[in-house]
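Asks: This structure is in structure tokens; I'll ask about it shortly.
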Amino acid sequence: QVRQASAHFLRCFQGGHKFLMSEEQEEVSMSIAISLLADERREVSNAAMSTLTGILAVLPQFALEELVSKYINIANKSLKKKKRKIVVQLSPEDAELAATKEKARAKRQQKSVFVLCAVVMGRPYDTPPYVPEALAALSKHSFEQRASLGVREVVKLCCSEFKRTHTDNWEAHRNQFTQTQLEALEDVVSTPHYYA
């Protein structure tokens, strides 16, 4: 509860003191919010994502473009590659090392997906060039069975919220997307047909 309350406090503090904070202080508050995104408690990570959304909403576009490209790379690297299943008996040390690596990968995945969702939700009524890229990267995580349920749900919520807030001028926003980016968004947002 303390971490969740600190995320809420940071959101209010950052919003109220935006013009008084130095660039270094803004980076510290953003790094605190990003570190809370990987929290095991869902309430904390959701509060941190709303905090980060508020922080990112006032960042300049070039900074957001750099942030998106950085976290798209992290998100793509955190996707597990499909390997052939070979049954190998691991020693206890190797099993522990594999479990530690998997836990670190899952945290990187959660953090990168939540950052990208915060970027998308930070621009609710316009579509800058980095938003379609972020949505296309996010769509890869919505159908990955090895991703945690929280990650898949956040991706679906983010994409449906983006679609909902952009329905009024969808034809204008649609032009910002490539065909593959549109298909990736539609795959997440649309429900599968009953007979398909």
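Going by our numbering, the residue at position 119 of the sequence shown is 135; the numbering climbs one at a time, nothing skipped.
No residue lacks a Cβ here, since even glycine has one placed at the ideal position from N, Cα and C.
Assuming the contact rule is C-beta atoms closer than 8 Å, residue 151 and residue 192 should be a hit. Round their C-beta distance to whole Å, please.
Replies: The residue given as residue 151 occupies position 135 in the sequence shown. The residue given as residue 192 occupies position 176 in the sequence shown. About 10 Å separates the two Cβ atoms, so there is no contact after all.
Asks: Are residue 269 and residue 127 touching if we call contact CB-CB under 8 Å?
Replies: Any answer about residue 269 is impossible in this case: the structure gives the chain only from 17 up to 212.
Asks: Could you check what DSSP says for residue 142 in three-state terms: helix, strand or coil?
Replies: Along the sequence shown, read from residue 1 onward, the residue named residue 142 stands at position 126. Three-state DSSP puts residue 142 in coil, outside helix and strand.
Asks: Whether or not the stretch 167–176 and the stretch 133–145 are in contact is what I'm after, with contact meaning three or more pairs of Cβ atoms, one per stretch, closer than 8 Å; do they touch?
Replies: Yes, the stretch 133–145 touches the stretch 167–176.
Asks: What's the call for residue 190, buried or exposed, on a 16-neighbour Cβ count within 10 Å?
Replies: The residue labelled residue 190 in the question sits at position 174 within the sequence shown. Per the 10 Å Cβ criterion, exposed.
Asks: CB-CB under 7 Å to residue 149, same chain, minus the five flanking residues each way: which ones, in chain order?
Replies: Within the sequence shown, numbered from 1, the residue matching residue 149 stands at position 133. Cβ within range, chain order: 84, 88.
Asks: For residue 90 versus residue 121, is the C-beta spacing smaller than 8 Å?
Replies: For the purposes of this step, residue 90 is identified with residue 74 of the sequence shown, where counting begins at 1. For the purposes of this step, residue 121 is identified with residue 105 of the sequence shown, where counting begins at 1. Their beta carbons are not under 8 Å apart, which means residue 90 does not touch residue 121 by this criterion.
Asks: Who are the Cβ neighbours of residue 179 in its own chain at under 6 Å, not counting the five residues just before and after it?
Replies: Here residue 179 is taken as the residue at index 163 of the sequence shown, counted from 1. Answer for residue 179: 205, listed in chain order.
Asks: Let me know the secondary structure DSSP gives residue 95 once reduced to three states.
Replies: What you label residue 95 is simply residue 79 of the sequence shown in a count that begins at 1. Looking at residue 95 - three-state DSSP - the assignment turns out to be coil, as it is neither helix nor strand.
Asks: I need the boundaries of the alpha helix (DSSP H) containing residue 128, first residue and last residue.
Replies: Along the sequence shown, one-based indexing puts residue 128 at 112. It spans 108–137 - the alpha helix (DSSP H) in which residue 128 sits, taken as one unbroken run.
Asks: Does residue 28 pass the burial test, meaning 16 or more other C-beta atoms within 10 Å, or should it be called exposed?
Replies: On the sequence shown, position 12 is the one that residue 28 refers to. When all chains shown are included, residue 28 counts as exposed.
Asks: Just to confirm the assignment: which complete alpha helix (DSSP H) runs, minimum length 4, are found wholly within the stretch 159–186?
Replies: For the stretch 159–186, whole alpha helix (DSSP H) runs of length 4 or above, ordered along the chain, are 165–181.
Asks: By Cβ distance below 7 Å, which residues in the same chain neighbour residue 164 in space, the five residues on each side in sequence not counted?
Replies: Indexing the sequence shown from 1 puts residue 164 at position 148. These residues qualify, in order along the chain: 122, 126.
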